[in-house]
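Data first, discussion second: the structure below is written as structure tokens.
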Amino acid sequence: MNFFTKDDKSAFEAITAAQFIAFAPIVFQATKSLRDLGILAAVEESRTIGLTLEEIYTKLKLSEYGVRVLLEAGLGIGLVVKNQDKYTITKTGLFILNDRMTNVNMDFTNDVCYEGMFSLTDSIKQGKPTGLKVLGDWPTVYEGLAHLPKPIQDSWFAFDHYYSDGSFDQALAELFKRKPKHILDIGGNTGKFTMKCLNYDADVKMTMFDLPGQLAMAKENIAKTPFADRVNYHPINILDDANRFPKGADAIWMSQFLDCFSEDEIVSILKRCHEAIAEDGSIYIMETFWDRQKFRPGAFSLQMTSLYFTNIANGNSQMYDSAVFNRLIDRAGFKVVEQIDNVGISHTIQVCKKK
Ligand SMILES: C[S@@+](CC[C@H](N)C(=O)[O-])C[C@H]1O[C@@H](n2cnc3c(N)ncnc32)[C@H](O)[C@@H]1O
16 MNFFTKDDKS AFEAITAAQF IAFAPIVFQA TKSLRDLGIL AAVEESRTIG
66 LTLEEIYTKL KLSEYGVRVL LEAGLGIGLV VKNQDKYTIT KTGLFILNDR
116 MTNVNMDFTN DVCYEGMFSL TDSIKQGKPT GLKVLGDWPT VYEGLAHLPK
166 PIQDSWFAFD HYYSDGSFDQ ALAELFKRKP KHILDIGGNT GKFTMKCLNY
216 DADVKMTMFD LPGQLAMAKE NIAKTPFADR VNYHPINILD DANRFPKGAD
266 AIWMSQFLDC FSEDEIVSIL KRCHEAIAED GSIYIMETFW DRQKFRPGAF
316 SLQMTSLYFT NIANGNSQMY DSAVFNRLID RAGFKVVEQI DNVGISHTIQ
366 VCKKK
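Take the position in the sequence shown, starting the count at 1, then add 15; the result is the number in this note's numbering.
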């Protein structure tokens, strides 16, 4: 669905949207304060009766001034409404307070991206993740993942896992339709999907590829399961073109992985998959393409997430448009034989075979 072909706002709606953008960092931090200080929760608890300013600051032991400025901002943002001195929560306020996806996105934006994003323009000019230095001194965020302090690490993993976890069950059924015997899980991260495969099929063998820090975490997790003897670990920096892949697997699984790389890097990775995979084997790419979303907020979230890659992750990748991605699959010598959209919250699975 293409949501982006028409400018359908009136001039008044357009200037309103422009003000929301002009004050966006303040809108964001005010919303986070209203959530984190318990103000939205207190207002929600009062249901439709509502609470006065005095009732809220007394209950929360905060200053009258502090709660007043935040609630007045909340009126403007649309998180609360006020009738006869009583504040009640809006639908948007309820989502900010209770919706898991919104909270995962907000925490990721705040903890991982917010400070770094100040230098987004430099990232674009230099083609480098200039915001990453706020988190640590690594060439890409991936070398730093295992060493990020909390809550930054928790917010990163919560964001990553929230989206992929919701797709894994449907993905498993798809992957095992062709009864693979040996699967490479490239970018296997903490081992969640590898463990699901081992549990799903009592005979399947798995080989996990990832950077050494992530593989150490995966190994620790998998060691606690009865499947540990069916897993091999292959520490690799996949960016080094000279690092070839072991041969013999009949399926390669890459979930939320290729979006971590530039177009030429993706082609290099896929070419190495081509060399390694059995002649009639399949590669499974699970990605979130912004142009394949059913709903506009889904596409919006992905378009914004792209800039995390630009400024924090690596400076050169993104959440791709599927048309760009399909050209890369073709350049690497594969064809898409099946495409399944709307997997989990926002994923597409592409099943590819050698051309
Ligand atoms: C966004 S996570 C996806 C994890 C998992 N597959 C999922 O669906 O949740 C990307 C993974 O790619 C790994 N990765 C990134 N750059 C890498 C590199 N240069 N070499 C090997 N692995 C890399 C990261 O460590 C991380 O585990």
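We put the CB at the ideal spot given by N, CA and C, even for glycine.
Where Glu-353 sits in the DSSP three-state scheme: strand
Would Asn-326 and Cys-128 qualify as a contact pair, given that the criterion is a beta-carbon distance under 9 Å? yes
Own chain partners of Arg-287 with C-beta closer than 7 Å, once the 5 adjacent residues on each side are dropped: Arg-259, Phe-260
Between the C-alpha atoms of Phe-315 and Ile-41, what's the straight-line distance to the nearest angstrom? 20 Å
Smallest Cα separation from Asn-247: which of Ser-337, Glu-59, Lys-220? Lys-220
Could you check what DSSP says for Phe-224 in three-state terms: helix, strand or coil? strand
Which residues DSSP lists as bridging Met-301, in chain order: Ser-270, Ile-364
CB Leu-199 to CB Ala-291, shorter than 9 Å? yes
Cβ-heavy atom distance, Lys-128 to ligand 1, below 8 Å: In the sequence on display, residue 128 carries Cys and not Lys. No, the Cβ of Cys-128 stays beyond 8 Å of every heavy atom of ligand 1.
Distance cut-off 8 Å: Ile-251 Cβ against heavy atoms of ligand 1: yes
What first and last residue would you give for the alpha helix (DSSP H) that runs through Lys-47? 39-51
When the distance is taken between beta carbons, is Met-116 closer than 9 Å to Ile-47? In the sequence as presented, Ile is not what sits at residue 47; that position holds Lys. Cβ distance not < 9 Å, so Lys-47 and Met-116 don't count as in contact.
When the Cα of Asn-214 is compared with those of Phe-242, Gly-228, Ala-231, which residue comes out closest? Phe-242
Is the region 329-347 in contact with the region 303-318, if contact means three or more CB pairs nearer than 8 Å? yes
Touch test, the region 174-191 against the region 355-364, Cβ-Cβ under 8 Å, three pairs minimum: yes
Just tell me which of Thr-320, Asp-126, Leu-226, Ser-170 has its CA closest to the CA of Val-149. Asp-126
On a Cα-Cα basis, can you pick out the residue from Met-132, Tyr-102, Leu-85 that is closest to Phe-324? Met-132
Would you say Asp-175 touches ligand 1, meaning its beta carbon is less than 8 Å from a heavy atom? yes
Would you say the beta carbon of Thr-325 comes nearer than 8 Å to a heavy atom of ligand 1? no
Contact between the region 155-168 and the region 223-231 (3+ Cβ pairs under 8 Å): yes
Can you give me the Cβ contacts of Leu-85 inside the same chain, cut-off strictly under 8 Å, excluding the 5 residues immediately before and after it? Ala-45, Ser-48, Leu-49, Leu-52, Ile-54
Distance cut-off 8 Å: Asp-200 Cβ against heavy atoms of ligand 1: yes
Assuming Tyr-215 is part of the alpha helix (DSSP H), what are its boundary residues? 207-215
Let's test the definition: count the other Cβ atoms within 10 Å of the Cβ of Tyr-80 and tell me whether it reaches 16, buried, or not, exposed. exposed
How close, in whole Å, do the beta carbons of Ile-267 and Tyr-299 come, if the pair is a contact with beta carbons under 8 Å? 7 Å
Within the present structure, is the beta-carbon of Leu-160 separated from the nearest heavy atom of ligand 1 by less than 8 Å? yes
For the candidate residues Leu-77, Ser-182, Glu-60, Leu-147, whose alpha-carbon lies nearest to that of Ile-104? Glu-60
Within 8 Å: the Cβ of Gly-169 and any heavy atom of ligand 1? Before going on, a small fix: residue 169 reads as Asp here, not Gly. False, no ligand heavy atom lies under 8 Å from that Cβ.
Cα-Cα separation, Ala-217 to Arg-311: 41 Å
Within the present structure, is the beta-carbon of Met-301 separated from the nearest heavy atom of ligand 1 by less than 8 Å? yes
Continuous alpha helix (DSSP H) stretch holding Lys-106: start and end: 106-113
Any non-hydrogen atom of ligand 1 within 8 Å of Thr-363 CB: no
Could you tell me the boundaries of the alpha helix (DSSP H) in which Leu-400 lies? There is simply no residue 400 to check, as the chain begins at 16 and stops at 370 in what is shown.
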